[in-house]
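Numbering (my numbering), first residue to last: 136 to 266.
Each residue gets a CB set at the ideal place from its N, CA and C atoms; glycine is no exception.
Since we're looking at a predicted model, the values are computed, not measured.
Here the structure is laid out as structure tokens; the discussion comes afterwards.
See the structure below:
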């Protein structure tokens, strides 16, 4: 089971109103969720994706970030992200995840992405920019 919590990247109102939520912070959130995903960490540690499993893990995080970036604020559906994760793990790490953790990881990644989008929209509104 994935060890991810809804509180991982919960942004409090003070943070959201006083700071710009940068793309780097979104990337940090993605990295945090992936670092707590037991199935992925086992695949990396045991090099199920080959000797370059750690590099593949970093690429995985970058690909998720890219997926979020390409959405341009449009919603990403849970099922689509779950399918992405379900395809990525066996192709990249020779690992089938059947413990339900893909659904949990997808949910946590989408929470982080939604919080990022909400903060970005709030910053645009406060600065008078059209969104």
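{"Item": "DSSP three-state assignment for residue 157, whether helix, strand or coil", "Value": "coil"}
{"Item": "For residue 207, the nearest candidate out of 252, 233, 160 (CA to CA)", "Value": "252"}
{"Item": "Best match in 183, 239, 179, 159 for proximity to residue 218 [C-alpha to C-alpha]", "Value": "239"}
{"Item": "Supposed contact pair residue 175 and residue 211 - C-beta distance, whole angstroms, cut 8 Å", "Value": "No, residue 211 and residue 175 are not in contact; Cβ-Cβ is about 19 Å, not under 8 Å."}
{"Item": "From 181, 188, 196, residue whose alpha carbon lies closest to that of residue 165", "Value": "196"}
{"Item": "Enclosing alpha helix (DSSP H) for residue 191 [first to last residue]", "Value": "188-205"}
{"Item": "Residue nearest to residue 234 in terms of C-alpha spacing, selected from 202, 221, 228", "Value": "221"}
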